[in-house]
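Undergrad:
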Amino acid sequence: KEDKAAFESLVQNVKSIYFENAHMYREFGGRINGFKHNEKQKKIQSKLNKDLADKAKQQAALTVTTAVEEKAAPVAEEKKADKTA
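Our numbering runs 1 ahead of the 1-based position in the sequence shown.
1) Can you tell me the Cα-Cα spacing of Asn34 and Lys41, whole angstroms?
2) Over what stretch of residues does the alpha helix (DSSP H) that includes Lys5 continue unbroken?
3) Pull up the distance between the alpha-carbon of Gln13 and that of His38, whole angstroms please.
The structure is reproduced here in structure tokens:
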């Protein structure tokens with residue numbers, strides 16, 4: 002009977018810590034991913050980066066050939082003009 006008061010205060014402390022903050026304990030993981038998931042995401046991201054790099058190279062190649070063709074076009078027109086004159 003003399004420990005009943007101490008026990009009641011202990012119960013009140015536990016209730017205030019755990020039961021009143023139940024929403025904190027219902028959230029799982031804290032948005033932390035596992036090792037396998039992180040490795041899978043790294044592979045996916047590296048493939049995307051590689052694809053973007055390939056697209057950039059292709060675009061650069063198209064830009065270079067277009068610039069060369071544009072420079073070659075006036076030369077061809079000059080040759081046609083020389084032949085007709």
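Glycine is no exception: its CB is placed at the ideal position from the N, C-alpha and C atoms. Since this is a predicted model, take the numbers as computed values, not measurements.
TA: In short, the structure shows the following:
1) Indexing the sequence shown from 1 puts residue 34 at position 33. Indexing the sequence shown from 1 puts residue 41 at position 40. Looking at the two C-alpha atoms, the distance is approximately 11 Å.
2) Here residue 5 refers to the residue found at position 4 of the sequence shown. 5 to 15 is the extent of the alpha helix (DSSP H) around Lys5.
3) Against the sequence shown, residue 13 aligns to sequence position 12. Against the sequence shown, residue 38 aligns to sequence position 37. Rounded to whole angstroms, Gln13 to His38 spans 41 Å at the Cα level.
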